[in-house]
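Residue numbers (this note's numbering), protein chains in the order written: chain A, 1 to 377; chain B, 1001 to 1377.
Using N, Cα and C, we set each Cβ at its ideal position, and we do this for glycine too.
It should be emphasised that the depicted structure is a prediction, and the values quoted were computed from it without experimental measurement.
One structure below.
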């Protein structure tokens, strides 16, 4: 695999791009919060859910602590472009490309390790919605690894290292591969239905403190953490593609070309939900953006979505959609009311189907010498 | 999916990278050869093999011609950053990111369309090798679509459009997703075993004419085409990772850190297969590069490999390896002798397993107003 027929070596492409190489860029790994939440989204993401396996001679709590210790050390090294301890492919570690690894605990694991009383009340599976078509193979999990970077080779190596080191004590439950536009390609995030996605988000520290980061008032150990709800939303491309453009724009409430609300000209314009023409609302009340609009100040959450496009099952053309990764202090107050409204009457529902759902306590950050979950365990 | 909770819009990342956006870069689509062979490899590739379905009221030859006409038109538009005809997500077409689409015909299709006498002798499945562990689900196919770009959103959109338009007359046989380092990340191509890969390749026009492009001497219609052999090679990472570095380097014949041959200092240094130390060859005779080295001038071919890293089957950690895409005038003279040598005694064999194989006649290029396969049909 490594070499073969020889003529000459072609390195002109490498040279042309050397001036702007971003492979060595890093994201800070230590702090009050884990990286990978407030971090500007990287191009690639892998989400892996794991279950803890019963161990002989060691309790589940000790197993969990061992996993988190090991991961903390390797995450810190990999994020800085250094090989993990006992890294068998150390050369693949040298281009971190803004690697972040984010670790979460599923609601189930608190019981399993005898710490049910330490589970934040906010960390619980979200209730079912009428439009859900959940498949067990995309749901739940004791542990979450979210691995993001601007280079897929980096993501593949980091996931290999982190999963290999815990193979004796965990089993993979599901894995989802996601992507956005390439670093440096330009363009807003678009999902594969063609829509500009993620226009409205949380950008300032005050917003993060108010809406995303837990303040420890329920469980002091959880201060600085957040609650992730990740939904796998399949796009029904075959029927979506049959819809004309105007109907699509009315279903979403935004123009497909610019991403502007139907009442505006620019992607960044605020939608005017009161505007009407001949007595008919310009943005239909059952359009996606009208229903997603917060009714109360806390009906907001951080969205960090990724596209997926997997090999389809036999007889199908496409298996694509959105890995809708969201982060908030309390899904029950922030995520659930919005989703309930959307489930009830979102015009988009005909063309999107939620097939997976999981909730994770994203652990507070860690400092050099500490490990993830230290305040819990 | 398109919008939701609103605070402010974060566009600092977009602005910072605007100066170097490469999304609008294009590769020439028309000419004597199809794009995607001599093109410097893009970051992402999707390889899709399709079978022609029997049609009522239309012969297979007419069906094939209709597919190739449709694809030619859409490929030309998409490669230039314009939406395909009847593109239902036209906004996804605006960042071609060096998109190339390359079309091939499997050996079987010539019989199926009644053109067995027009099949180039070079276009035939390669013989089995002793180390093959082929799975039918990764083998063969009537038609190949190879879609490459530096942005995965572009690849997803192009594959959707091109596959959707032929869904009534084809069935997907297999699909493989591949990747290399991100555009602009820096670094040589490395496979997921950690090896620098693709050091030696064919870079000049004379080499391409001699080794890659068909000259039409067998089948005049095929002049300007080439023969692709694509092999899916699984890396046995679990056992590979147990090997110490020196053993790995002896198996490959190159250093893992620099990619230099064991007799040199730089990746680009020519290996010295005659060098020995204390009577023992420095590069072992059964190392990968020693066996891959051409014994005759025509034992060379263009390699354009991509990594794969898919969700593993239950109980496994990783399903990764190499999509070994090769292009040559005649696999029997160029590819087969090298692979036969490797199958016999390559030290790497213990850690790599070929699970898929397919051969395709990559059609000659086309000019504006023409369509792919015009000289054949």
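Residue-level contact check: residue 1091/B touches chain A, since one or more beta carbons of chain A fall below 8 angstroms from its beta carbon. With fewer than 16 other Cβ atoms inside 10 Å of its own Cβ, residue 276/A counts as exposed. Taking 7 angstroms as the upper bound on Cβ-Cβ separation, chain A lies near residues 1095, 1097 of the stretch 1095-1116 of chain B. Inter-residue distance for residue 23/A and residue 81/A is about 9 angstroms (C-alpha atoms, whole angstroms).
Under the three-state reduction of DSSP output, residue 1165/B falls in the coil class, being neither helix nor strand. Contacts with chain A at 8 angstroms (Cβ-Cβ) do not include residue 1228/B. Counting other Cβ atoms within 10 Å of its Cβ, residue 1117/B stays below 16 and is therefore classed as exposed.
About 6 angstroms separates the beta carbons of residue 1078/B and residue 1099/B, which is inside the 8 angstroms limit, making them a contact pair. Listed along chain A, the residues sitting closer than 8 angstroms to residue 1320/B by beta-carbon distance are 156, 160.
Exposed is the label assigned to residue 1266/B, since fewer than 16 other Cβ atoms lie within 10 Å of its Cβ.
Our two residues, residue 110/A and residue 1198/B, have alpha carbons roughly 48 angstroms apart in a direct line. The three-state reading of DSSP puts residue 1204/B in coil, since its state is none of H, G, I, E or B. Residue pairing of residue 138/A in beta bridges, as defined by DSSP: absent, with no partner found. In the structure shown, the three-state DSSP call for residue 88/A is coil. Contact annotation: in the stretch 1121-1155 of chain B, residues whose CB is within less than 9 angstroms of a CB in chain A are 1149, 1150, 1151, 1152, 1153, 1154, 1155. A direct Cα-to-Cα measurement between residue 92/A and residue 58/A gives close to 33 angstroms. Under the three-state reduction of DSSP output, residue 1147/B falls in the strand class.
Per DSSP, reduced to three states, the secondary structure at residue 349/A is helical. Apart from the 5 residues on each side of it in sequence, residue 45/A sits with its Cβ closer than 6 angstroms to the Cβ of 148, 178, 306 in its chain, given in chain order. Taking every protein chain shown into account, the CB of residue 65/A has 16 or more other CB atoms within 10 angstroms, so this residue is buried.
In the displayed model, residue 73/A falls within a helix according to three-state DSSP.
At a cut-off of 8 angstroms between beta-carbon atoms, residue 317/A makes contact with chain B. Rounded to whole angstroms, the gap between the alpha carbons of residue 341/A and residue 364/A is 31 angstroms. Here DSSP, grouped into helix, strand and coil, assigns residue 1159/B to helix.
Within chain B, no C-beta atom comes nearer than 7 angstroms to that of residue 343/A; the closest sits roughly 13 angstroms away.
Counting the other CB atoms within 10 Å of its CB gives residue 144/A a total of 16 or more, which places it among the buried residues. Around the Cβ of residue 1280/B, a 10 Å sphere holds fewer than 16 other Cβ atoms; the residue is exposed. Of all residues in the stretch 26-41 of chain A, the ones placed with a Cβ closer than 8 angstroms to any Cβ belonging to chain B are 40, in chain order.
Out of 1354/B, 1074/B, 1373/B, the CA that lies nearest to the CA of residue 1128/B is found in 1354/B. Straight-line spacing of the CA atoms in residue 1294/B and residue 1334/B works out to 9 angstroms. Among the bridge pairs identified by DSSP, residue 1310/B is matched with 1319/B.
Counting only runs of at least 3 residues, the stretch 189-277 of chain A fully encloses the following beta strand (DSSP E) elements, listed from N- to C-terminal order: 226-235. In chain order, 343, 344 place their CB closer than 8 angstroms to the CB of residue 130/A, counting only its own chain and leaving out the 5 sequence neighbours on each side. Under the Cβ criterion of 8 angstroms, residue 1354/B is not counted among the residues facing chain A. Nearest in C-alpha terms to residue 1085/B, of all of 1261/B, 1095/B, 1072/B, is 1072/B. According to the DSSP assignment, residue 288/A belongs to the alpha helix (DSSP H) that extends over 288-292.
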